[in-house]
Amino acid sequence: MRVTHSLLHAEDLAQLVEREYAVAAPVTVSLLNRGFNDTYLVTDVEGGRRVLRVYNREKYWIRSESDLRFEVDLLEHLAAAGLDVIRPYQRTLGDRLGRLTAPEGERCFALFTYAPGTPLYERTLTAGQWREFGSGIARMHLEMDAFRTSHDRYHLDERILVERPLASLAPYAGSGRAAADLAELGRLGERLTGEIQRLRAIDGAYGIIHADLHPGNTNIDDDGRLVTFDFDHCGYGLRAYDLTVLYRGPDAPEEERERWAAVLAGYQQVRPLSQSEVDGFPVLAACRAMWDIGDWLGAAERTGGAWVNDARIARLLADVRKVAGGHRTCSS
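The sequence shown begins at 1 in full-length UniProt numbering and counts up by one.
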């Protein structure tokens, strides 16, 4: 019987870490979470903490091992430049990416530094801290411009942000209501595609991005230091998209609008956006809503898709209508 995805034994992974890396043995390994990868906390005999990622196979945005090497090389580049991101460890053989044999086939793994503190969503941040978060994203984008590699990575273009999510939803539109909602999403998707293409034509608007900068992927410690991690979805895309997860429109609660204003101000202070990019945030927020559901459906073989129903499709349509409905066409 074939295996789609296996959960590897923590004790075996501890032996792998001791064999592959220069760490103070013995180490203990415990599962942190299962998602698009399996992530483990590694604790050495001296209490030092690291994070082991065992990459899942057959993810829609990973076409070959070259994509994974792009990610670890990018992190090494950013960390070497002094940015507050996690850093991959060298294996004793000199490579940062390893391979192991699992029941479903070969899987890659990498060991990273541990991000101290707690996720941003668990803390109440000041306006100054949110500005620092925004300026940190801008500094990261500037440093990404200097990154050079022989490896390739996918593009978060209209195919990933619009077309793929719509295609993934099609099998779940079993009722007349859901089919009608999906048809309207398709029409809105055509508009979003045109806006993506216009934004991409703006000089400097497109480049390497993190692509999933929600507040759970950055930790803050007691000294206020911010450390960003989980670059699994990184790729080429619109730079403004990295800010979109925190975008709040004029109808949002005042606290959320103030947070968004602080993030945007911090970013603009370091790396100014064009007015067209600023005007395009509602479009990118609609794209983010579509991408998110398509992203999870991309893992449905492992996680299931029973959560997608008529109400979920209707809610997505309402979200896309809300952020995209009143948006005027961007000017270049």
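For glycine and all other residues, C-beta sits at the position ideal for the given N, C-alpha and C.
Burial is judged here by how many other beta carbons sit within 10 angstroms of a residue's own beta carbon; residue 233 has at least 16 and is buried.
Within 10 angstroms of the beta-carbon of residue 168 lie 16 or more other beta-carbons, which makes it buried. The alpha helix (DSSP H) runs of length 4 or more contained entirely in the stretch 139-184 are, from start to end of the chain, 164-169. Secondary structure note for residue 30: its beta strand (DSSP E) is the uninterrupted segment 28-34. In the DSSP annotation of this structure, the continuous segment of the beta strand (DSSP E) that includes residue 39 starts and ends at 37-43. Assigned with DSSP and collapsed to three states, residue 133 falls in helix. Under the three-state reduction of DSSP, residue 195 is assigned to helix. Secondary structure remark: continuous alpha helix (DSSP H) runs of at least 4 residues inside the stretch 239-269, in chain order: 241-244. In the structure shown, the three-state DSSP call for residue 69 is helix. Beta-carbon to beta-carbon, residue 185 and residue 317 are separated by about 6 Å, close enough to satisfy the 8 Å threshold.
The C-beta distance from residue 299 to residue 36 rounds to 6 Å, short enough to fall under 8 Å.
By the Cβ neighbour-count rule, residue 52 is buried, with 16 or more other Cβ atoms within 10 Å of its own.
Here the alpha carbon of residue 225 sits roughly 48 Å from the alpha carbon of residue 174. With distances taken between CA atoms, residue 8 lies nearest to 107 out of 203, 142, 107. In terms of Cα proximity to residue 32, the closest of 103, 151, 162, 54 is 54.
Beta-bridge pairing by DSSP links residue 207 to 237.
Contact between residue 267 and residue 135 holds, with the beta-carbon distance rounding to 6 Å and staying under 8 Å. In the assembly as shown, residue 252 is an exposed residue. Its beta-carbon has fewer than 16 other beta-carbons within 10 Å.
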